[in-house]
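**Student:** Under our numbering, the sequence shown has 316 at position 194, and the numbering climbs by one with no breaks.
Each residue gets a CB set at the ideal place from its N, CA and C atoms; glycine is no exception.
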Amino acid sequence: MEIIIQPDRESASLLAAAKIARLVREKPHAVLGLATGGSPLDVYGELVRLHREGRADFAYVTTFNLDEYLGLPGAHPASYRHFMQEHLFRHINIPSGNTHIPEGLTEDVPEACKQYEEAIRQAGGIDLQLLGIGTDGHIGFNEPSSSLASRTRIKSLTEQTQQDNRRFFQPGEHVPRHVITMGVGTIMEAREIVLLAFGANKAEAVAATVEGPITASVPASILQMHPAAKIILDEEAAGELKRADYYRSVFASKPAWQQI
Ligand code: PGA
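(1) Judging by CA-CA distance, which residue of H204, K277 and I214 is the nearest neighbour of H173?
(2) Just to confirm before moving on: does the CB-CB distance between V328 and A359 stay below 7 Å?
(3) How far does the beta strand (DSSP E) with R370 in it reach, from first residue to last?
(4) With DSSP run on the structure shown, which of helix, strand or coil describes N287?
(5) Hey, out of D230, Y191, D356 and I142, whose CA is closest to G262's CA?
(6) What's the gap between the Cα of P217 and the Cα of Q207?
(7) Do you know offhand how far A165's Cα is from S272's?
(8) Does the stretch 346-361 come close enough to the stretch 281-289 that 3 or more CB-CB pairs lie under 8 Å?
(9) So, are the CB atoms of A157 and G246 less than 7 Å apart?
(10) Give the secondary structure of A134 by DSSP, where H, G and I count as helix, E and B as strand, and everything else as coil.
(11) Among the candidates V316, A325, A374 and E357, whose CA atom is the shortest distance from the CA of M123?
(12) So for Y191, helix, strand or coil by DSSP?
(13) Nearest to E265 by CA position, among P195, S339 and D367, is which residue?
(14) Let me know the secondary structure DSSP gives G321 once reduced to three states.
(15) Taking the CB atoms as reference points, tell me whether L250 and E311 lie closer together than 7 Å.
(16) So which residues touch the region around the ligand PGA, with touch meaning a C-beta under 5 Å from any heavy atom?
(17) Return the CA-CA distance between A378 and I142, expressed in angstroms with no decimal places.
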């Protein structure tokens, strides 16, 4: 794992966006794994800016999102399909048929999950997977106790995650309990992983992920086994790391071309 500590969310997001833009330039048919939530918002903003400046072309890119709420139609303002449309897809030149998000209204969940896995395989696998992290250490919606070998499937959210995500819903609106999420095993097959975490409320989960034991109680900790995972943090999210000075010095001593 490479731990990159940046002064703030903005510089961390620019770094992640630069990495994605470089991948898309070098590999126009790249397959991106995308995330929703607060963490990737500035990354998407920067990708939109780069696209407008003619520095990021998504005409041949394919995307797979991590997860979706079961029971929410794509038009629902809190659905992840809607989130992606609003924050990224409608601002760039990606063909809508190239964007994949688990189907929240499916009648046959196991079949939809099988097809999602199959679509990822058919696309040639995910080149780069963007991740946030839950305050409980989840990645995608793989809550604590998720099998570290799991595939795309239905999951039940913890109370904590439902609470954390309430801010994306109208006051009084029910936050769905059930979701479809890529599995931890699915995520681990991505060729590269970039996990973003910002703010003090992520510090404990980040420390457990980076410096704790590998355990299904902290699903993100499996990233210790990934050969090409970058953990990009602001100072607050790095606040509980014991070896923060070491990570800073490693990154500072890299030549610029190796920093993204
Ligand atoms: P957040 O969520 O980016 O909204 O903090 C991250 C997650 O739950 O994975």
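**Tutor:** A quick look at the data gives this:
(1) Start at 1 with the first residue of the sequence shown, and residue 173 comes out as number 51. Taking only the C-alpha atoms, the option nearest H173 is I214.
(2) Locating residue 328 in the sequence shown gives position 206, where the first residue counts as 1. Locating residue 359 in the sequence shown gives position 237, where the first residue counts as 1. Yes, these two residues count as a Cβ contact at 7 Å.
(3) For the purposes of this step, residue 370 is taken as the residue at position 248 of the sequence shown. Not the beta strand (DSSP E): R370 falls in the alpha helix (DSSP H), residues A366 to A374.
(4) Here the question's residue 287 lines up with position 165 in the sequence shown. If DSSP states are grouped into helix, strand and coil, N287 belongs with coil.
(5) Translated into positions along the sequence shown, residue 262 becomes position 140. Looking from the CA of G262, the closest CA among D230, Y191, D356 and I142 belongs to Y191.
(6) Position 95 of the sequence shown, counted from the start, is the residue given in the question as residue 217. Position 85 of the sequence shown, counted from the start, is the residue given in the question as residue 207. P217 and Q207: Cα-Cα distance of roughly 12 Å.
(7) Position 43 of the sequence shown holds residue 165. Position 150 of the sequence shown holds residue 272. According to the sequence provided, residue 165 is Val. The question's Ala does not apply to it. Each residue's Cα considered, the two are about 27 Å apart.
(8) no
(9) By 1-based counting over the sequence shown, the position of residue 157 is 35. By 1-based counting over the sequence shown, the position of residue 246 is 124. With respect to G246, A157 sits apart: the two C-beta atoms are not nearer than 7 Å.
(10) Locating residue 134 in the sequence shown gives position 12, counting from the first residue. A134: helix per DSSP, three-state reduction.
(11) Within the sequence shown, residue 123 is the residue found at index 1, counting from 1. Nearest in C-alpha terms to M123, of all of V316, A325, A374 and E357, is V316.
(12) Here residue 191 is taken as the residue at index 69 of the sequence shown, counted from 1. Correct three-state label for Y191: strand.
(13) As a position in the sequence shown, residue 265 is number 143, starting the count at 1. The candidate whose alpha carbon is nearest that of E265 is S339.
(14) As a position in the sequence shown, residue 321 is number 199, starting the count at 1. Assignment of G321 by DSSP, reduced to helix, strand and coil, places it in the coil class.
(15) Counting from one through the sequence shown, the residue named residue 250 turns up at place 128. Counting from one through the sequence shown, the residue named residue 311 turns up at place 189. No, Cβ-Cβ distance for L250 and E311 is not below 7 Å.
(16) G159, G160, S161, G254 and G256
(17) For the purposes of this step, residue 378 is taken as the residue at position 256 of the sequence shown. For the purposes of this step, residue 142 is taken as the residue at position 20 of the sequence shown. Approximately 16 Å between the Cα atoms of the pair.
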